[in-house]
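**Q**
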Amino acid sequence: MNIGTAARQSGLPPKTIRYYEDIGLLTADRAANGYRDYSNEHVHRLRFVQRSRSLGFSVEECRQLLSLYTDRDRASADVKAIATEKLGEIDRKIAELAGLREMLGHLVETCHGDARPECPIIDGLSGKSRDH
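Each residue of the sequence shown is one higher than the last, beginning at 1 in the UniProt record's numbering.
(1) Work out the CA separation of Asp-114 and Asn-2 for me, nearest whole Å.
(2) Given a threshold of 16 other Cβ atoms within 10 Å of its Cβ, counted over all protein chains shown, does Arg-126 qualify as buried or as exposed?
(3) Let me know if Ile-122 comes out buried or exposed under the rule of 16 or more other beta-carbons within 10 Å of its beta-carbon.
(4) On a CA-only basis, which of Glu-61, Gly-56 and Glu-102 is nearest Asp-91? Give me that one, please.
(5) Grab me the residues of Glu-61's own chain with a C-beta within less than 8 Å of its C-beta, minus the 5 sequence neighbours each way, in chain order.
(6) Could you name each continuous beta strand (DSSP E) segment of 3 residues or more that falls completely within the region 8-37, going from the start of the chain to the end?
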């Protein structure tokens, strides 16, 4: 199938598919006319990468996962280790975002939001609230 069909079936734009080829994540076959030729297996691998990326895996992590996917002698512990590391990164990001939300929430709560020029949000962003 051509890249347009592979794009529709995988849910990825052709530009992304070409990028994945450029970085060696996928290698399309070539038809006699020189055009890219994708098989159902290529589409399956593209969907695998798409789902992996949607879970937050980097391109390099996707490369590792694809390698493990094709390795029938793989240990599931290797796959779990990659996923566990990603889960830890997500937990750290959630904690960071929760802290940011708490800080910004406090600034919003302390701002009167009226016509006066005094604004704890501006003070907090400028660092003035720490200086006093």
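All C-beta atoms, glycine included, are put in the ideal place defined by N, C-alpha and C.
**A** Judging by the given coordinates:
(1) 60 Å
(2) The amino acid occupying residue 126 in the given sequence is Ser; Arg does not appear at that position. Exposed, since its Cβ has fewer than 16 Cβ neighbours within 10 Å.
(3) exposed
(4) Gly-56
(5) Ser-52, Ile-82 and Lys-86
(6) none
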